[in-house]
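Since the structure comes first, as structure tokens, the remarks are kept for the end.
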Ligand code: OKP
Ligand code: ZN
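Numbering (my numbering), first residue to last: 7 to 378.
Here it is as structure tokens:
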């Protein structure tokens with residue numbers, strides 16, 4: 007399977023994020039993508055390709071141009087304002103209660119985009135967990151090109167291809183970034199496939215978190231079915247979306263399927279949900295599945311609470327490929343760095359029908375513990 011990778015992600019050089027107001031060591035770091043790159047290169051069965059420039063049009067097909075402009079200039083605004091900060095994060099967020107009693111017309115007229123970077127970050131952002139630095143915009147643009155080049159490979163005839171996207175994308179909505187995500191790589195890919203083929207497209211999101219952004223983008227669309235397996239938002243980010251009763255509206259009614267799982271969910275719980283998800287995908291026409299692939303479902307993930315092991319990723323990859331549909335596999339989350347490479351190898355080899363043997367040089371076993 008071909009892998010699309012760009013070193014531009016290294017410019018999104020994040021070391022600290024804020025969690026509930028506290029600075030903590032960042033989870034979404036450059037080392038993540040480098041671990042995966044290293045393992046896939048060491049495997050020998052994954053030829054690498056660089057992304058090609060697809061321009062801005064496929065991004066604004068899915069995102070508000072205002073979001074693109076903000077992300078493009080945000081860091082230079084921070085510098086221009088003389089703000090001494092390691093990264094940009096919002097000062098205020100427009101909590102909807104701030105506008106209680108005002109009509110939607112009044113809100114859109116009065117609650118307009120502020121001029122200061124700290125206000126603009128609140129206008130366009132979801133949370134303080136998506137630190138923005140000097141290289142963020144080029145990295146996010148490159149991640150989109152990685153996704154679209156992966157689409158090109160599959161539409162060009164490959165059965166499957168893998169885009170090593172970083173930063174991830176599934177929390178980014180049409181007019182909002184957040185949750186380590188800036189542009190929604192999977193949604194942009196799905197939209198490009200719809201436009202190129204005229205077919206329906208399914209998105210299977212197997213990241214630990216609900217992809218609120220992808221859900222929002224296709225909420226009232228009948229041509230893109232979004233199916234997500236994730237932690238119940240009663241206990242996990244993004245808290246306000248991801249419940250089973252969110253099914254889409256209008257032309258999209260019935261096209262959104264959320265499968266929230268309990269804390270501690272294990273391999274068998276997970277595989278049962280995968281079967282339900284694939285059944286919903288196979289119930290509609292289409293020849294391509296976009297996979298939002300996360301490994302934060304792993305037992306040792308520092309921000310997840312599922313209990314999956316490396317073997318199950320091989321099996322999930324195998325079952326998804328057994329649908330017979332072509333796969334555009336795009337990387338989302340996964341924060342236990344020692345196991346990321348092996349988990350990616352396992353998933354992708356499963357999708358190719360190749361057996362999984364741990365890399366001898368990896369030095370860690372099924373639970374990703376470094377064997378010393
Ligand atoms: C992005 B993706 C950590 C809180 C983290 C943000 C999570 C974003 C996940 N203590 N909150 O879906 O992997
Ligand atoms: Zn996640």
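Every residue, glycine too, gets a C-beta built ideally from N, C-alpha and C.
Which whole-angstrom value is the C-beta distance of residue i and residue j, which I expect to be below 8 Å?
{"i": "residue 338", "j": "residue 292", "result": "At roughly 21 Å, the Cβ-Cβ gap does not stay under 8 Å, so residue 338 and residue 292 are not in contact."}
{"i": "residue 79", "j": "residue 65", "result": "Their Cβ separation, rounded to whole angstroms, is 15 Å, which puts residue 79 and residue 65 out of contact at 8 Å."}
{"i": "residue 19", "j": "residue 141", "result": "6 Å"}
{"i": "residue 92", "j": "residue 117", "result": "Rounded, the Cβ-Cβ distance is 29 Å, inconsistent with contact."}
{"i": "residue 348", "j": "residue 333", "result": "With a Cβ gap of about 20 Å, residue 348 and residue 333 do not count as contacting."}
{"i": "residue 282", "j": "residue 151", "result": "Not really, about 33 Å apart at Cβ, beyond 8 Å."}
{"i": "residue 7", "j": "residue 54", "result": "Rounded, the Cβ-Cβ distance is 11 Å, inconsistent with contact."}
{"i": "residue 331", "j": "residue 294", "result": "6 Å"}
With which residues is residue i paired in a DSSP beta bridge?
{"i": "residue 182", "result": "179"}
{"i": "residue 232", "result": "209, 262"}
{"i": "residue 332", "result": "294"}
{"i": "residue 99", "result": "Beta-bridge pairing links residue 99 to no other residue."}
{"i": "residue 319", "result": "Answer by DSSP bridge pairing: none, since residue 319 is not bridged."}
{"i": "residue 138", "result": "94"}
{"i": "residue 54", "result": "9"}
{"i": "residue 237", "result": "267"}
{"i": "residue 304", "result": "314"}
Following the continuous alpha helix (DSSP H) through residue i, name the residue where it begins and the one where it ends.
{"i": "residue 250", "result": "Here residue 250 belongs to no alpha helix (DSSP H), and DSSP marks it neither H nor E."}
{"i": "residue 203", "result": "191–203"}
{"i": "residue 223", "result": "218–224"}
{"i": "residue 68", "result": "From DSSP, residue 68 is part of no alpha helix (DSSP H); its letter is neither H nor E."}
{"i": "residue 243", "result": "Neither: residue 243 is in no alpha helix (DSSP H) and is coded neither H nor E."}
{"i": "residue 270", "result": "Residue 270 -> no alpha helix (DSSP H), and no H or E assigned at all."}
{"i": "residue 129", "result": "123–130"}
{"i": "residue 61", "result": "Taken as a continuous stretch (DSSP letters only), residue 61 belongs to no alpha helix (DSSP H), as it is neither H nor E."}
{"i": "residue 355", "result": "343–358"}
{"i": "residue 111", "result": "110–116"}
Are there 16 or more other CB atoms within 10 angstroms of the CB of residue i, so buried, or fewer, so exposed?
{"i": "residue 94", "result": "buried"}
{"i": "residue 137", "result": "buried"}
{"i": "residue 9", "result": "buried"}
{"i": "residue 274", "result": "exposed"}
{"i": "residue 123", "result": "buried"}
{"i": "residue 253", "result": "exposed"}
{"i": "residue 221", "result": "buried"}
{"i": "residue 308", "result": "exposed"}
{"i": "residue 197", "result": "buried"}
{"i": "residue 372", "result": "At residue 372 the pLDDT is 43, less than 50, meaning the model places this residue with poor confidence and gives no usable figure here."}
{"i": "residue 374", "result": "Residue placement at residue 374 cannot be trusted, given a pLDDT of 46 that sits under 50; the coordinates are not used to answer."}
{"i": "residue 89", "result": "exposed"}
{"i": "residue 30", "result": "exposed"}
{"i": "residue 323", "result": "buried"}
{"i": "residue 14", "result": "buried"}
{"i": "residue 104", "result": "exposed"}
{"i": "residue 244", "result": "buried"}
{"i": "residue 268", "result": "exposed"}
{"i": "residue 242", "result": "buried"}
{"i": "residue 102", "result": "exposed"}
{"i": "residue 217", "result": "buried"}
{"i": "residue 114", "result": "exposed"}
{"i": "residue 156", "result": "buried"}
{"i": "residue 279", "result": "buried"}
Please determine, among the options, the residue with the shortest C-alpha to C-alpha distance to residue i.
{"i": "residue 206", "options": "222, 232, 213, 181", "result": "232"}
{"i": "residue 251", "options": "264, 243, 86", "result": "264"}
{"i": "residue 34", "options": "28, 43, 23", "result": "23"}
{"i": "residue 25", "options": "102, 70, 185", "result": "185"}
{"i": "residue 341", "options": "163, 215, 152, 147", "result": "215"}
{"i": "residue 3", "options": "162, 234, 107, 117", "result": "Nothing in the structure corresponds to residue 3, since the chain is present only between 7 and 378."}
{"i": "residue 201", "options": "165, 226, 154, 164", "result": "154"}
{"i": "residue 176", "options": "146, 161, 323, 72", "result": "146"}
{"i": "residue 354", "options": "150, 46, 11", "result": "46"}
{"i": "residue 297", "options": "361, 350, 55", "result": "350"}
{"i": "residue 87", "options": "126, 133, 111, 110", "result": "126"}
{"i": "residue 160", "options": "361, 364, 336, 345", "result": "336"}
{"i": "residue 67", "options": "180, 330, 12, 37", "result": "180"}
{"i": "residue 357", "options": "321, 364, 363", "result": "321"}
{"i": "residue 259", "options": "230, 306, 285, 277", "result": "230"}
{"i": "residue 225", "options": "362, 148, 261", "result": "261"}
{"i": "residue 310", "options": "271, 199, 277, 329", "result": "271"}
{"i": "residue 173", "options": "317, 27, 313, 40", "result": "40"}
{"i": "residue 43", "options": "346, 362, 361", "result": "346"}
{"i": "residue 276", "options": "286, 194, 315, 287", "result": "315"}
{"i": "residue 317", "options": "286, 352, 156", "result": "352"}
{"i": "residue 182", "options": "134, 208, 162, 157", "result": "134"}
{"i": "residue 83", "options": "156, 199, 121, 54", "result": "121"}
{"i": "residue 223", "options": "195, 287, 249, 236", "result": "195"}
{"i": "residue 69", "options": "256, 193, 228, 329", "result": "193"}
I'd like the span of the beta strand (DSSP E) that includes residue i, first residue to last.
{"i": "residue 3", "result": "Missing from the structure shown is residue 3; the chain here goes from 7 to 378 and no further."}
{"i": "residue 169", "result": "166–169"}
{"i": "residue 38", "result": "No beta strand (DSSP E) holds residue 38; the alpha helix (DSSP H) holding it covers 36–49."}
{"i": "residue 30", "result": "28–31"}
{"i": "residue 8", "result": "8–10"}
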